[in-house]
Structures are given as structure tokens and as C-alpha cells.
Amino acid sequence: MAVRRPYVRPMAGWWRRNPFYIFYMLREATSVFVALYALQLLYGLYTLAVGEAAFDAWLVSLRHPLFLVFHGVALAAALLHAFTWFNVAPKAMPVLYLGSHRVADRTLVWAQYLIFAVISVAILGVVLGG
Amino acid sequence: MATHDEIEIEVLRYHPETDSEPSYRTYRVPFAHETSVLQGLQYIKDRLDGSLTFRWSCRMAICGSCGMMINGVPNLTCSAFLREYHPGKLRIEPLAHLPIERDLAVDQTDFLEKLASIQPYIIPAESKAVDEGPFTQTPAQRERFYQYSECINCLLCYAACPQYGLDSGFLGPAALALLHRYNSDSRDVGKADRMPIVNAQEGVWACTLVGYCSEVCPKGVDPASAVNRNKVISTLDYFFRFMAPRGASE
Ligand code: SF4
Ligand code: FES
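First to last, the sequence lines map onto chains A and B.
Position 45 (the first sequence) corresponds to 44 in numbering that gives the first Met the number 0; numbering is contiguous.
Position 54 (the second sequence) corresponds to 53 in numbering that gives the first Met the number 0; numbering is contiguous.
Here it is as C-alpha cells:
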């Protein structure tokens with residue numbers, strides 16, 4: 000009679016085992032920077048409610064080199080966040096058909112960049128034009 | 000076979016009656032251009048160590064028996080070739096995240112039970128006798144699920160999924176892809192039965208979209224898309240149950 004003693008391998012450090020997992024962890028980590036940036040922006044709104052002096056002080060504090068570095072990192076994180084999300088979005092949405100043809104995942108990914116570009120230009124137009 | 004080179008294959012061995020834990024053993028295997036990794040293992044079993052245990056059957060990437068980790072990547076050993084790894088070496092381990100039964104053979108019980116739980120067969124509105132003919136559907140209706148029906152139950156996607164490795168309560172990629180396959184079939188009316196499985200914590204919501212399952216799937220099933228499309232379906236299901244009395248929307 001054969002002995003059965005199934006061996007379960009440990010999972011400790013699993014995310015270091017494969018470059019794919021490391022990139023996944025990096026993707027998840029970007030959310031921390033996006034959240035910190037949002038908090039900082041919220042704080043700016045709060046100073047706006049407090050008064051002009053507080054708002055101006057906040058604007059000055061944003062020029063601090065540490066903040067500039069943080070903004071650089073947050074921008075990079077937000078871009079990676081967007082890039083990875085655009086890539087997986089076709090997996091999360093219902094399959095689209097044009098007539099009887101299924102719209103390819105690649106087309107959906109590029110469509111998001113197109114929408115992103117159009118909205119960005121529109122916002123830039125409002126900001127610079129206003 | 001016209002042998003022209005040798006390659007080193009490191010194999011994770013585990014015999015439950017003598018070993019307290021798995022350990023590696025190294026073999027030197029001659030190979031030709033067309034020698035698959037599976038044939039390399041067969042060489043070891045036939046010529047070097049007859050006690051090596053592993054599963055295989057079709058040798059043509061369709062039975063789904065021969066999945067293993069090759070240098071940390073889940074793969075079908077019958078459709079990977081030794082030449083691809085030369086002049087480096089190979090480290091072959093049983094599929095990750097699954098209990099090791101013996102050497103390279105894993106315990107598949109958990110998956111098989113999960114597969115049975117999703118009712119992986121068409122549940123028709125009314126059953127018909129065979130002589131009444133088949134349930135028909137249009138090519139467009141077939142297109143809705145075909146990709147998900149290509150699954151060969153090889154479990155590479157479970158070996159790719161860290162969420163399953165961390166908590167094997169998760170139904171996992173292939174079982175959810177097959178659940179979606181039947182729910183998307185125009186001849187099937189079993190969706191209401193299967194939705195509680197989708198909605199459960201162990202259903203689609205245990206997935207964090209690592210996405211590696213779809214990367215390693217040898218059949219283009221894209222289980223990550225089945226799981227994540229069902230997050231939308233699960234949310235709508237919850238919403239409609241909330242809005243309408245039970246049964247009213249069916
Ligand atoms: S979904 Fe793909 S990787 Fe997973 S068991 Fe099926 S064929 Fe294998
Ligand atoms: S032996 Fe059948 S899939 Fe490899």
C-alpha cells in the first residue's frame with residue numbers, strides 16, 4: 000500500500016520568484032503614490048477653504064525640492080498605473096462586436112489612449128484658453 | 000534520435016515513504032533538435048532512474064497531463080524543447096501551488112472537485128430525447144463561448160496564480176473560465192445556479208488580476224478575462240437582486 004503524504008510548498012517570498020510577479024507588485028504599489036498625491040491635493044483644497052494666506056503657504060510648500068521629487072515619482076507611478084490598467088481593461092469589459100466581428104483587445108487598448116489624448120488636449124485647451 | 004549534445008536537468012524529487020521534504024537531483028541527458036522536455040524526462044526514467052514519477056499521455060499538447068514548472072515557468076513539457084534551454088540547464092519542478100503527490104506528479108483532487116462544483120455541462124431548459132435531434136445554435140452564439148471551451152484542464156493557470164497558492168479556497172482560473180463557458184452558452188439555462196459560486200468570496204472576488212494565468216495558458220483560453228468579466232456580471236447580479244424581488248428578473 001503506497002504512502003500518501005502530499006507535500007505543500009511554502010509561499011513565502013512568492014512575488015520574487017518570477018519577473019511577472021515583481022511587475023505586478025510594482026503595479027499595485029503605484030496606488031500608494033496615487034493615493035498620497037490625492038491626499039495632498041485634498042489638503043490644498045482644505046487650505047483654500049481656510050483662507051488666502053493658508054493657500055499661498057501651501058503653494059509655496061509645493062516648490063520645496065522634496066515635493067518636486069515626490070511629484071516626479073507620483074507622475075511616474077500614475078503613468079505606470081494608467082499603462083497597466085489600459086492593458087488589462089479589455090479583460091474586464093464585455094466583449095464588443097462590430098457587426099459580427101469581435102473587436103480585438105489591442106484595438107480597445109489603443110482606443111483608450113486615443114480617448115486619453117483627446118480629453119487631455121481638451122482640458123489643456125480649457126486651462127490655457129480660460 | 001540523432002544525438003548531438005547533452006543538457007543538465009535538475010529535477011525536484013519527493014518520495015513520501017522515504018523523504019521528509021523534496022530535494023533536487025541532477026541528470027545529464029543527450030538531446031537532438033526535436034527532443035521535447037518530456038522526452039528528456041522519459042530518457043531519465045528509462046535509462047538513469049526508473050523511480051522517477053511524472054504524468055503524460057498524448058505528447059501533443061491536448062491531454063493536459065504533462066504540465067510542470069520549467070525554470071520556474073508553468074509549461075507543457077511535451078511542447079517545450081530541450082534545445083530552447085541549451086547551453087543553459089533546466090530545473091523541473093511539479094506545478095507550483097499544488098500539493099506534491101510524488102516527484103513531478105501533483106495532487107489534482109482540489110481542482111477536480113471545483114470543476115464538478117460548477118456543473119460543467121449544458122443544463123437545457125427542457126431535456127430532449129436523442130431522436131429529437133441536437134440543440135442547435137448559430138455561429139455567432141457559438142463564438143460567445145468557444146475560446147473558453149478550449150481548456151484542457153492542464154492546471155498551468157493554477158500554478159501561475161499566486162492568489163490560489165496563498166488560499167486554495169479560491170475557485171481559480173480554469174474552473175471560473177469553464178463556468179463562464181457554460182453560462183455564455185445559448186443552450187444553457189444554468190446561470191442562476193452558478194451565480195452564487197461566482198459571487199462568493201472564493202469566486203471571482205478572490206482574484207486581484209495578476210494576469211499570469213492568461214500568459215501561461217497553452218490554449219489561448221484567457222481565463223483572466225473570464226474571471227474579470229464575471230466581476231462585472233457579479234456586480235450587476237447583486238444590483239438586480241437588490242432592486243427586484245428574487246425571481247422577478249429571471
Ligand atoms: S485555462 Fe488554460 S492554463 Fe488553465 S487549465 Fe485550461 S488550458 Fe490549462
Ligand atoms: S502529454 Fe498531453 S499535453 Fe503534454
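We treat Cβ as the ideally placed atom computed from N, Cα and C, and that holds for glycine.
* To do: Say whether chain B places a C-beta atom closer than 8 Å to the C-beta of residue 107 of chain A.
  => no
* **residue 90 of chain B vs residue 74 of chain B beta-carbon contact at 8 Å** => no
ask   = When we look at the beta-carbon of residue 109 of chain A and count the other beta-carbons within 10 Å, is it buried (16 or more) or exposed?
value = exposed
- prompt: For the ligand FES, is there a heavy atom less than 7 Å away from the beta-carbon of residue 63 of chain B?
  reply: Answer for residue 63 of chain B: yes, Cβ within range of the ligand FES.
request  = Pull up the distance between the alpha-carbon of residue 57 of chain A and that of residue 207 of chain B, whole angstroms please.
outcome  = 37 Å
Does at least one heavy atom of the ligand SF4 sit under 7 Å from the Cβ of residue 206 of chain B?
no
- Message: My parser needs the alpha helix (DSSP H) runs of 4 or more residues fully inside the stretch 56-105 of chain A; what are they?
- Response: 64-91
**Prompt:** To the nearest whole angstrom, what separates the beta carbons of residue 171 of chain B and residue 113 of chain B, a pair I think is in contact under 8 Å?
**Reply:** 7 Å
Per DSSP, residue 66 of chain B is paired with what? Paired residues: B:75.
Exercise for the section: Would you decide whether residue 223 of chain B is buried or exposed? Buried here means 16 or more other CB atoms lie within 10 Å of its CB. Expected result: With 16 or more other CB atoms across the displayed protein chains lying within 10 angstroms of its CB, residue 223 of chain B is buried.
Original post:
Do the stretch 11-30 of chain B and the stretch 110-126 of chain B make contact, defined as three or more Cβ pairs closer than 8 Å?
Top reply: no
### Residues from the stretch 200-225 of chain B in contact with chain A, defined by Cβ distance under 8 Å
Per Cβ criterion, the list reads 207, 208, 209, 210, 211, 213, 214, 221, 223, 224.
Just to confirm my understanding: we take residue 12 of chain B, look at its own chain, exclude 5 residues before and 5 after, and list those with CB closer than 8 Å. What are they? These residues qualify, in order along the chain: 18, 21, 22, 23, 24, 51, 102.
Please compile the residues from chain A whose C-beta is within a distance smaller than 8 Å of the C-beta of residue 301 of chain B.
-> There is simply no residue 301 of chain B to check, as chain B begins at 0 and stops at 249 in what is shown.
- Task: Return helix, strand or coil for residue 117 of chain A, following the three-state DSSP convention.
- Result: Of the three classes helix, strand and coil, the one that applies to residue 117 of chain A here is helix, per DSSP.
Review point. Taking the runs of the alpha helix (DSSP H) that are 4 residues or longer, which of them lie wholly in the stretch 152-233 of chain B?
Key: 155-159, 161-165, 172-182, 190-198, 211-215
- Query: Do we get a CB-CB distance below 8 Å when we pair residue 3 of chain A with the residues of chain B?
  - Reply: yes
CB contact below 8 Å: residue 36 of chain B versus chain A | no
Margin query: Can you confirm whether the stretch 24-38 of chain A touches the stretch 72-86 of chain A when touching is taken to mean that 3 or more C-beta pairs between the two stretches lie within less than 8 Å?
Written below: yes
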